[in-house]
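A.B. asks: Below are the structure tokens for one structure; questions will follow.
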């Protein structure tokens, strides 16, 4: 019981990080219908940017941890946004209106470029960072097993919820969100009605990249270890989460992220750590057999 | 680039091209400064005491200057040459390539057959590598190019073939030629196994499930240590024989050199392996070309164009999809068995998503459905990767950039024309823009 509760806490924390990345996938998919394979690598670059900013800030003598983290969050998200914008501009915009597989290959190419870029500029060795927020809150102690929620986990959950709250407000109640939803429904019609679709798509990438950078910072703080390859694994998991939740659906992405996080954690805890990826992917396949559009996805009407 | 934007740029460029280009380049340099500022400007050095930052201002300055100069040069160059002319040139190249297609294919084949007599050991090895990818590309082409089913986990079948051969050979002592068809059949069975659950899925849902399938296979291979050796892989996989003749140095009557009375040379085995993969690749090509003419092949292409229309015409979509998966997987398995016997050592390291991505890129860069295009794309990509081997990490940077650039310049691939498999009267080439590429 206590053990399960502990796993629940761990699983939700991990799921939050996956959810943040998955939102970026699902948003881009909803608006231009492409799998942005480079998104996982934007997350990785975000983690590196966070590492650099955090180290630089401590070098400048900013010793207050909350202030340093807040500044890192803003700076890393800002620079990562620029990455998102540039990638869209270079690799995807020229292919707008081209056939479906062209942007996919372009995205895979971009993902390879970003990985090589991080490896060349920052080296292939893993980077380790000391825990920034030690300690935790012991919820209960049952039969000698202490259930603990670390401050770090609380920060992760809180930051994710705040960021997702801002994001939900942005999508549901601002003119930008309205244009985004309009472009998602019918890009041509939205264009005819005077929405600058190119700008809206650019901003979608910018927001997605910012969310991925936040996830990168949280990942860095939680695990304390990053290298140039984390983007692939996290990206595949987050994409799985997005598909599981129903690709194109924003609440679905978060739900899928939580589901993948929980499955992985519980499987590792009760069965085997080695097969946690197999468990997550198997659940995806099983869910898709019975619900071919994911948990919260809409079935699209098909016309000949 | 969108038309109003292009018109805008053109208008500004007319008023004062140099000033506008200068402004644009300065803006690009500013963006580059933002992008590279942290990643290039600072190196994170992992020391025992934690991460230490090492500033690299010179590198950053050079990179930003390079972006500025590059952008300026490109803009000035473009303002001198009218855009229409560039496009026309591009089209002539494409048309010339298509017209010469009839001669390029036999020429390539002749070159492929003659290669072992002309090239040295390194050249033949490179030829084997390229041919392996050509075969994988042709195999995946059945699934993606003909049936229009997006498969991101093709490497799984390559792995199944390789491990099937390795395990059959080591457990039961079977030879390469017995195991080769078995490996193909086993991989085809796995293809059907994957095909079943994904029958109802479309497009990108299919993509993620196949990707997941590829990862599952890799993780299973990595962790069933007692059978597959886990991360250590399987070594000492037997080499193929020519009708029972071994390629070994002892020179007895049971060996190739002894039987034919030749001086032993390790090149014999390499050349033999080369012809084996050439034969296997040509088999894949031949089967594909033949299948395109019968009902099944035409059903694949119909499925790619429109699944609903297909169903309403009475085509059995289940059988069509499953056979496409099985055929593609079977050829992947044959290539895998060949890979195992050539390398004599396999480990899960060789079967990562990166391989799937390369093969898919070969198929798309080649122009989906075009056999010649796939061969050319494999030659260019794998040859290019080998060519830049000395550049180490930069190799992948160049490789990825080349993928992006090729898609931007030729989104429909190198050979983007389509010739119908069956036609009344004259078989006429049509543009690739007129066919879909699988929403299935």
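Protein chains in written order, with my numbering: chain A, 1 to 304; chain B, 1001 to 1440.
Cβ coordinates follow ideal geometry from the N, Cα and C atoms, glycine included.
Residues in the same chain with beta-carbon distance under 8 Å from residue 1227(B), minus the five sequence neighbours each way, listed in chain order, please.
C.D. replies: Reading the second chain from its first residue, position 227 is the one you call residue 1227(B). Excluding sequence neighbours, residue 1227(B) sits near 1167.
A.B. asks: Look at the Cβ atom of residue 1220(B), then the Cβ atom of residue 1186(B), and state whether they are nearer than 8 Å.
C.D. replies: Translated into the one-based positions of the second chain, residue 1220(B) becomes position 220. Translated into the one-based positions of the second chain, residue 1186(B) becomes position 186. Their beta carbons are not under 8 Å apart, which means residue 1220(B) does not touch residue 1186(B) by this criterion.
A.B. asks: Give, in chain order, every unbroken run of the alpha helix (DSSP H) that is at least 4 residues long and sits entirely within the region 1306 to 1342 of chain B.
C.D. replies: Here the runs fully enclosed are 1307 to 1312.
A.B. asks: Is it buried or exposed, residue 127(A), if we count other Cβ atoms within 10 angstroms and call 16 or more buried?
C.D. replies: Residue 127(A) sits at position 127 when you count from the first residue of the first chain. When all chains shown are included, residue 127(A) counts as buried.
A.B. asks: Just how far apart, CA to CA, sit residue 1256(B) and residue 1143(B)?
C.D. replies: Working through the second chain from its first residue, we reach residue 1256(B) at position 256. Working through the second chain from its first residue, we reach residue 1143(B) at position 143. For residue 1256(B) and residue 1143(B), the distance between alpha carbons rounds to 39 Å.
A.B. asks: Under 8 Å by Cβ, that's how I've got residue 1299(B) and residue 1277(B) pegged, so tell me the actual separation to the nearest angstrom.
C.D. replies: In the second chain, counting from the first residue as 1, residue 1299(B) sits at position 299. In the second chain, counting from the first residue as 1, residue 1277(B) sits at position 277. Going by Cβ atoms, the distance from residue 1299(B) to residue 1277(B) rounds to 30 Å, so no, they are not a contact pair.
A.B. asks: Between residue 18(A) and residue 245(A), which are expected to be in contact by the criterion C-beta below 8 Å, what is the C-beta distance as a whole number of angstroms?
C.D. replies: In the first chain, the residue the question calls residue 18(A) occupies position 18. In the first chain, the residue the question calls residue 245(A) occupies position 245. Contact doesn't hold; Cβ gap of about 10 Å is too wide.
A.B. asks: Are there 16 or more other CB atoms within 10 angstroms of the CB of residue 12(A), so buried, or fewer, so exposed?
C.D. replies: Counting from 1 along the first chain, the entry for residue 12(A) is found at position 12. Answer is buried; the Cβ neighbour count reaches 16.
A.B. asks: Buried or exposed: residue 204(A), going by 16 or more other Cβ atoms within 10 Å of its Cβ?
C.D. replies: Locating residue 204(A) in the first chain gives position 204, counting from the first residue. Counting Cβ neighbours within 10 Å, residue 204(A) comes out buried, since at least 16 surround it.
A.B. asks: Shortest alpha-carbon distance to residue 129(A) belongs to which of 55(A), 292(A), 214(A)?
C.D. replies: Translated into positions along the first chain, residue 129(A) becomes position 129. The option with the nearest alpha carbon to residue 129(A) is 55(A).
A.B. asks: Just to confirm my understanding: we take residue 1134(B), look at its own chain, exclude 5 residues before and 5 after, and list those with CB closer than 6 Å. What are they?
C.D. replies: Position 134 of the second chain holds residue 1134(B). These residues qualify, in order along the chain: 1281, 1375, 1378.
A.B. asks: One question on the structure: do residue 1183(B) and residue 1337(B) come within less than 8 Å of each other, judged by their Cβ atoms?
C.D. replies: Mapped onto the second chain, residue 1183(B) falls at position 183. Mapped onto the second chain, residue 1337(B) falls at position 337. Going by C-beta atoms, residue 1183(B) is nearer than 8 Å to residue 1337(B).
A.B. asks: Count the C-beta pairs between the region 1021 to 1029 of chain B and the region 91 to 110 of chain A that are closer than 8 Å, then say yes if the count reaches three, no if not.
C.D. replies: Touching, no, given that fewer than three Cβ pairs across the two stretches are closer than 8 Å.
A.B. asks: Are the beta-carbon atoms belonging to residue 1132(B) and residue 1351(B) less than 8 Å from one another?
C.D. replies: As a first step, residue 1132(B) must be located in the second chain, where it is residue number 132. As a first step, residue 1351(B) must be located in the second chain, where it is residue number 351. No; because the gap between Cβ atoms is not below 8 Å, this pair is not in contact.
A.B. asks: Check whether the region 273 to 288 of chain A touches the region 216 to 225 of chain A, taking contact to mean three or more Cβ pairs, one atom from each stretch, closer than 8 Å.
C.D. replies: Contact between the region 273 to 288 of chain A and the region 216 to 225 of chain A is absent, because fewer than three Cβ pairs lie under 8 Å.
A.B. asks: Residue 127(A) CB to nearest chain B CB: under 8 Å?
C.D. replies: Start at 1 with the first residue of the first chain, and residue 127(A) comes out as number 127. Chain B, which has a Cβ nearer than 8 Å to the Cβ of residue 127(A), makes this yes.
A.B. asks: Whose CA, out of 1245(B), 1162(B), 1292(B), lies closest to the CA of residue 1237(B)?
C.D. replies: For the purposes of this step, residue 1237(B) is taken as residue 237 along the second chain, with counting starting at 1. For residue 1237(B), the nearest C-alpha among the options comes from 1162(B).
A.B. asks: Does any C-beta atom of chain A lie closer than 8 Å to the C-beta of residue 1315(B)?
C.D. replies: For the purposes of this step, residue 1315(B) is identified with residue 315 of the second chain, where counting begins at 1. Answer no: the Cβ-Cβ gap between residue 1315(B) and chain A never drops below 8 Å.
A.B. asks: Can you give me the start and stop residues for the beta strand (DSSP E) that residue 193(A) sits inside?
C.D. replies: For the purposes of this step, residue 193(A) is taken as the residue at position 193 of the first chain. Element bounds for residue 193(A): n/a, residue is neither H nor E.
A.B. asks: Alpha carbons only, please: which of 294(A), 214(A), 231(A), 30(A) is nearest the one belonging to residue 50(A)?
C.D. replies: Locating residue 50(A) in the first chain gives position 50, where the first residue counts as 1. Out of 294(A), 214(A), 231(A), 30(A), 214(A) has the C-alpha closest to the C-alpha of residue 50(A).
A.B. asks: Looking at the structure shown, is residue 1041(B) part of a helix, part of a strand, or coil, going by DSSP?
C.D. replies: In the second chain, residue 1041(B) corresponds to position 41, counting from 1. Residue 1041(B): coil per DSSP, three-state reduction.
A.B. asks: Exposed or buried, what is residue 3(A) when buried is set at 16 or more other beta-carbons lying within 10 Å of its beta-carbon?
C.D. replies: Along the first chain, read from residue 1 onward, the residue named residue 3(A) stands at position 3. Burial call: exposed.
A.B. asks: Report the residue from 35(A), 43(A), 6(A), 133(A) whose alpha carbon sits nearest the alpha carbon of residue 216(A).
C.D. replies: Position 216 of the first chain, counted from the start, is the residue given in the question as residue 216(A). Nearest option by C-alpha distance: 43(A).
A.B. asks: Going by Cα to Cα distance, which pick from 101(A), 138(A), 123(A), 39(A) is closest to residue 9(A)?
C.D. replies: If you number the first chain from 1, residue 9(A) lands on position 9. Of the listed residues, the one whose Cα sits closest to residue 9(A) is 138(A).
A.B. asks: Since residue 1138(B) and residue 1232(B) are thought to touch, with beta carbons under 8 Å apart, how far apart are those beta carbons, to the nearest angstrom?
C.D. replies: One-based indexing of the second chain puts residue 1138(B) at position 138. One-based indexing of the second chain puts residue 1232(B) at position 232. Not quite, the Cβ-Cβ distance comes to about 32 Å (not below 8 Å), so this is no contact.
A.B. asks: With DSSP run on the structure shown, which of helix, strand or coil describes residue 62(A)?
C.D. replies: Here residue 62(A) corresponds to residue number 62 of the first chain, with the count starting at 1. If DSSP states are grouped into helix, strand and coil, residue 62(A) belongs with coil.
A.B. asks: When the Cα atoms are used, what is the spatial distance from residue 197(A) to residue 191(A)?
C.D. replies: Start at 1 with the first residue of the first chain, and residue 197(A) comes out as number 197. Start at 1 with the first residue of the first chain, and residue 191(A) comes out as number 191. So the two alpha carbons sit approximately 6 Å from each other.
A.B. asks: Suppose only complete runs of 4+ residues qualify. What are the alpha helix (DSSP H) ranges in the region 1335 to 1391 of chain B, listed by chain order?
C.D. replies: You should have 1353 to 1365, 1371 to 1387.
A.B. asks: Quick one: grab the DSSP three-state call for residue 1197(B).
C.D. replies: Reading the second chain from its first residue, position 197 is the one you call residue 1197(B). Looking at residue 1197(B) - three-state DSSP - the assignment turns out to be coil, as it is neither helix nor strand.
A.B. asks: Assign residue 138(A) to one of three DSSP states: helix, strand, or coil.
C.D. replies: Stepping through the first chain from its first residue, residue 138(A) is reached at position 138. Correct three-state label for residue 138(A): strand.
A.B. asks: Going by Cα to Cα distance, which pick from 182(A), 68(A), 176(A) is closest to residue 132(A)?
C.D. replies: For the purposes of this step, residue 132(A) is taken as the residue at position 132 of the first chain. It is 68(A) whose Cα lies nearest to the Cα of residue 132(A).
A.B. asks: Is it true that the CB of residue 1230(B) sits closer than 8 Å to the CB of residue 1444(B)?
C.D. replies: This structure leaves residue 1444(B) out entirely; chain B is present only between 1001 and 1440.
A.B. asks: DSSP three-state call for residue 1046(B): helix, strand or coil?
C.D. replies: The residue you call residue 1046(B) lines up with position 46 of the second chain. Note: residue 1046(B) maps to strand in three-state DSSP.
A.B. asks: From the DSSP output, which residues share a beta bridge with residue 145(A)?
C.D. replies: Against the first chain, residue 145(A) aligns to sequence position 145. Paired residue(s): 142(A).
A.B. asks: Can you find a CB in chain B that lies within less than 8 Å of the CB of residue 109(A)?
C.D. replies: The residue you call residue 109(A) lines up with position 109 of the first chain. Answer yes: the Cβ-Cβ gap between residue 109(A) and chain B drops below 8 Å somewhere.
A.B. asks: Taking Cβ-Cβ distances shorter than 7 Å, what residues in chain B pair up with residue 289(A)?
C.D. replies: Working through the first chain from its first residue, we reach residue 289(A) at position 289. Those within 7 Å of residue 289(A) in chain B are 1197.
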